[in-house]
Amino acid sequence: MSGVLSYGTYVPYYRLQRSAIAAALGTPSGKGSRAVASSDEDTTTMAVEAGRVAMRGLADGVAPGAVYFATADPAYLDKTNATAIHVALALPDDTAAYDMVGSVRSGVGALRAALDAKQPTLAVLSDLRTGLAGGNDERDGGDAAAAIVCGPGSDEAPVLAELVASASVTAEFMDRWRVPGARSSTVWEERFGGHAYAPLAEQALTDALKAADTTPDGLDHLIVTGPQARGVRAALAKSGARPEAVVDDLSATVGNTGTAHPGLLLSSVLDAAEPGALIALVVLADGADVLVFRATDALAQHRASPSVAQWIASGRDDLDYQRFLTWRESLVREGPRRPDPVSPAGPPRCVESSGSSGSSGAAAPSAAPATCRRHVSA
Amino acid sequence: MGSHGIRDRVAIVGMGCTPFGEHWDKSVDDLVIDSTTEALASAGVAVDDVDAFWLGTMGSGVSGLTLSRPLHLDYKPVSRLENMCATGSEAFRNACYAVASGAYDTVMAVGVEKLKDSGFSGLTMSPPPGDGTAVELTAPAMFSLLAPAYREKYGVDEQEMKDVLTRIAWKNHKNGALNPRAQFKREVSKEVICNSPLIAGQLGIFDCSGVSDGSAAAMIVRAEDAHEYTDKPIYVKALSFVAGPANGPIDPEYDYTSFEEVVRSSQDAYAQAGIEDPRAELALAEVHDCFTPTELVLMEDLGFAERGTAWKEVLAGTFDLDGELAVNPDGGLKSFGHPIGASGLRMLFECWLQLRHEAPAERQITNDKKLGLTHNLGGAPGECVSFVSVVGAEPSD
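Right under this line is the structure:
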């Protein structure tokens, strides 16, 4: 039996009220707020936060054999970002770490790869969604991360939600894209995306429910998510699921967190699902992917803390739009008359990351974070 | 094993100190020529008669060539030192030891810094290549942490604390207004100080010391030779320097209401100098008022006030020019700015003037006490170095 062994999420502290955008730009006011990563956060730091929660939920001595990091907004290209997450989570050096970066679909891809693995595997989904000022992506997007440890269960790490079926349909079409280095994505007309995604969603969901030997009204929780809002709405309308099974997409509180959103919404369901509950996760991104889970008896004793609802409740929602634009480098402001921060240098980082080997990790206070520990005792 | 000190073994026989400020028209060379020329003249010594030099500068030059080139030194030993904001004091300390050891007869300690050439506000450092995990806080941010910590520990409310910090800045500017060498030579009203724009936490712009250029220098000889140079030598009673373990920021026990480095270095210095009650025995203290809460905390760490009471003493005027113990009678970093390498020797220069009764009459301390203290702090709360010296107008009994 394979499935979810542990999970955790992270929603950054700041929220931008959509009315603040409207007030600044004179555009029609949207409802609710979106989560905003602070100026010192990126997809890697958010991934670490979520990863910490997930690792806390895992029994001592159970280490993931691999980390898959998925994001559409990597901090680095060419260099692996998952290695920073790996070291920050103090994972053993024989745990492999790989990126699956660049597109929203890599989120569900990482999740599938972890579910297919023969050993516990950590999928970390993180995204920082932005777009041009006044645009839909800026307004409807959100920043967050989710970390999910998947694999075959064991006595120490029981399965919390068993994967009972999956299906995938791949399609190549030009609905949304961003060339490397561009500040924002290009998105085709809404109606086209709706047209393109509806049949893909229907096909994948039908295949998955058949494999799970169930029907749409047998679902206790249905998550449909993807960057194409119209396609998501169409898929939900055609799904045949009971209305009460449809899961809140958090658009009013967090926004659509892109690559992270399948993990975030699945986590929000796991935060409350009853044992035996049947959960379908449908992701519409360059095709359609469906994962069907059944919650186990172990879930109630292993829910993540903080929960998604707790993250949402702990934010502050008075962020100025001007500050948001500054953080996103959309508003280029005069900086302080100070030198730029010094970039990390290669060799010191290499030496000080090597922790247990050599003397530099020896005299560390146990409470210090891993990187500080090595830094201080050097 | 032990810290024995060199009480009364060496003496200062000449000093020089440039005006501190924005010296757009002077180079580092000009500044060291000005301060050393004044110090040599003060001691009546020619530069060729100086046997060795110690130059303190954080970033205005590297190596002894920074001094030997402008002074046209004739193949003399010149050490260049750096110890963060205590750099000037460190140059003085090492120069004193060289004389006490018998290695040289006549030496000079020089401090210089030209901050205004950087184009940046505040202090800048060029840290060695690192792994990127070092905390990047500005100096005002790091020292601002003292104020709320002190408030919470001793039950001082926010307005009271603002009044205390304001009074420290007001007092130092009031003293600086009497000092022609100061960068800021005018009084600043409490209203202007407490309404100044916030920089970090509760700290306004007037809670922060300025940014300036300057240089100061001291001539040091063996105590028994001192009267060959001057009738009023200033004797070195104590020199103490401490580098802390620098684990405050990651130590959950560290509460940001004290600098243990200052406690240790002052206790060591008082032991060397034979001081039992510093508040009663010192004529003046020049302390490292880089930010107003620093001076507040220093009053307790240096033993001038009981724990948790310095804020009341500040409000009561204990450390005013005409108070029980004058602290920063020259105006302090607040009025002088903080050209790193020069500050420690600038503090010593005020002791030189005051203990020889050569300060301008309007700020001359008139009690009959014979000891002065200088204190330099380098780094930030929880990770710093501290220097304390005690100097005196007379040899001990």
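Protein sequences appear in the order of chains A and B.
Going by the working numbering, the first sequence wraps up at 378, each residue one higher than the last.
Going by the working numbering, the second sequence wraps up at 1397, each residue one higher than the last.
Yeah, the Cβ is synthetic: ideal placement off N, Cα and C, and Gly gets one too.
Please read these numbers as outputs of a predicted model, since none were measured by experiment.
{"Check": "Could you name the residues of the same chain whose beta carbon sits closer than 7 Å to that of B/ARG1007, not counting the 5 residues immediately before and after it, in chain order?", "Outcome": "LYS1237, ALA1238, GLN1272, ALA1273 and SER1396"}
{"Check": "Which bits of chain A does B/SER1121 rub up against, with CB to CB less than 8 Å?", "Outcome": "PRO336, ARG337 and ARG338"}
{"Check": "Considering only residues of the same chain and omitting the five flanking positions on each side of B/THR1138, which have a CB-CB separation below 8 Å?", "Outcome": "GLY1122 and ALA1200"}
{"Check": "Taking just the CA atoms, how far does A/SER305 sit from A/PHE324?", "Outcome": "28 Å"}
{"Check": "Is there a Cβ from chain B that is less than 8 Å from the Cβ of A/ARG323?", "Outcome": "no"}
{"Check": "So which residues on chain B does A/ARG349 lean against when the C-beta distance must stay under 7 Å?", "Outcome": "ASP1131 and GLY1132"}
{"Check": "Under 8 Å: do the region 1340-1347 of chain B and the region 1084-1092 of chain B share three or more Cβ pairs, one atom per stretch?", "Outcome": "yes"}
{"Check": "Would A/PRO344 pass as an interface residue toward chain B - the criterion being a Cβ-Cβ separation below 8 Å?", "Outcome": "yes"}
{"Check": "Classify B/ASP1322 as buried or exposed, calling it buried when 16 or more other Cβ atoms lie within 10 Å of its own Cβ.", "Outcome": "exposed"}
{"Check": "Between the beta-carbon of B/ALA1043 and the beta-carbon of B/THR1230, is there less than 8 Å?", "Outcome": "yes"}
{"Check": "In terms of residues, what are the limits of the beta strand (DSSP E) holding B/CYS1384?", "Outcome": "1383-1392"}
{"Check": "Which word fits A/TYR76, buried or exposed, when buried means at least 16 other C-beta atoms lie within 10 angstroms of its C-beta?", "Outcome": "exposed"}
{"Check": "Looking at the secondary structure, which residues open and close the alpha helix (DSSP H) in which B/VAL1110 lies?", "Outcome": "Run containing B/VAL1110: none in the alpha helix (DSSP H); it sits in the beta strand (DSSP E), 1106-1114."}
{"Check": "Using DSSP with H/G/I as helix, E/B as strand and the rest coil, what is A/GLY346?", "Outcome": "helix"}
{"Check": "Have a look at A/PRO336, A/GLU329 and A/GLY151 and flag the residue whose alpha-carbon is nearest the alpha-carbon of A/ALA182.", "Outcome": "A/GLU329"}
{"Check": "Can a CB atom of chain A be found closer than 8 Å to the CB of B/PRO1339?", "Outcome": "no"}
{"Check": "For A/ALA300, which residues from the same chain have a beta carbon less than 7 Å from its beta carbon, with the 5 sequence-adjacent residues on both sides left out?", "Outcome": "PRO275"}
{"Check": "Mind pulling the chain A residues with CB within less than 8 Å of B/THR1124?", "Outcome": "ARG338 and PRO339"}
{"Check": "Rounded to a whole number of angstroms, what is the C-alpha to C-alpha distance between B/PRO1140 and B/THR1124?", "Outcome": "12 Å"}
{"Check": "Compare the C-beta of B/PRO1293 with all C-beta atoms of chain A and state if any pair is closer than 8 Å.", "Outcome": "no"}
{"Check": "On the DSSP bridge assignment, give the partners of A/TRP327 in chain order.", "Outcome": "DSSP output for A/TRP327 lists no bridge partner at all."}
{"Check": "Below 7 Å CB to CB, which residues in the same chain sit around B/ARG1307 once its five sequence neighbours on both sides are set aside?", "Outcome": "GLU1300"}
{"Check": "Quick check: is the beta carbon of B/GLU1136 nearer than 8 Å to any beta carbon in chain A?", "Outcome": "yes"}
{"Check": "Under a CB-based cut-off of 8 Å, is B/PRO1197 close to chain A?", "Outcome": "no"}
{"Check": "Which term fits B/LEU1282, buried or exposed, when burial requires 16 or more other beta carbons within 10 angstroms of its beta carbon?", "Outcome": "buried"}
{"Check": "Please name the residue or residues paired with B/MET1015 in a DSSP beta bridge.", "Outcome": "B/ALA1218"}
{"Check": "For B/PRO1127 and chain A, any beta-carbon pair shorter than 8 Å?", "Outcome": "yes"}
{"Check": "Under DSSP, the beta strand (DSSP E) around B/LEU1345 begins and ends at which residues?", "Outcome": "Where B/LEU1345 is concerned, there is no enclosing beta strand (DSSP E), although the alpha helix (DSSP H) it sits in stretches over 1340-1355."}
{"Check": "Determine, using beta carbons only, whether A/ASP140 and A/THR130 come nearer to each other than 8 Å.", "Outcome": "no"}
{"Check": "Below 8 Å between beta carbons: does that hold for B/VAL1287 and B/ARG1264?", "Outcome": "no"}
{"Check": "Counting pairs of beta carbons, one from the region 198-207 of chain A and one from the region 80-91 of chain A, are three or more of them closer than 8 Å?", "Outcome": "no"}
{"Check": "Can you tell which of A/ALA285, A/LEU91 and A/VAL254 has its C-alpha closest to the C-alpha of A/TYR14?", "Outcome": "A/VAL254"}
{"Check": "Mind the definition here: the region 274-291 of chain A touches the region 103-113 of chain A only if three or more C-beta pairs lie below 8 Å; say whether that holds.", "Outcome": "yes"}
{"Check": "Leaving out five residues before and five after A/PHE173 in sequence, what residues of the same chain have Cβ atoms less than 7 Å from its Cβ?", "Outcome": "ALA196"}
{"Check": "CB A/ASP116 to CB A/THR43, shorter than 8 Å?", "Outcome": "no"}
{"Check": "Could you tell me how far apart the beta carbons of B/MET1219 and B/VAL1045 are, in whole angstroms, since I believe they sit closer than 8 Å?", "Outcome": "6 Å"}
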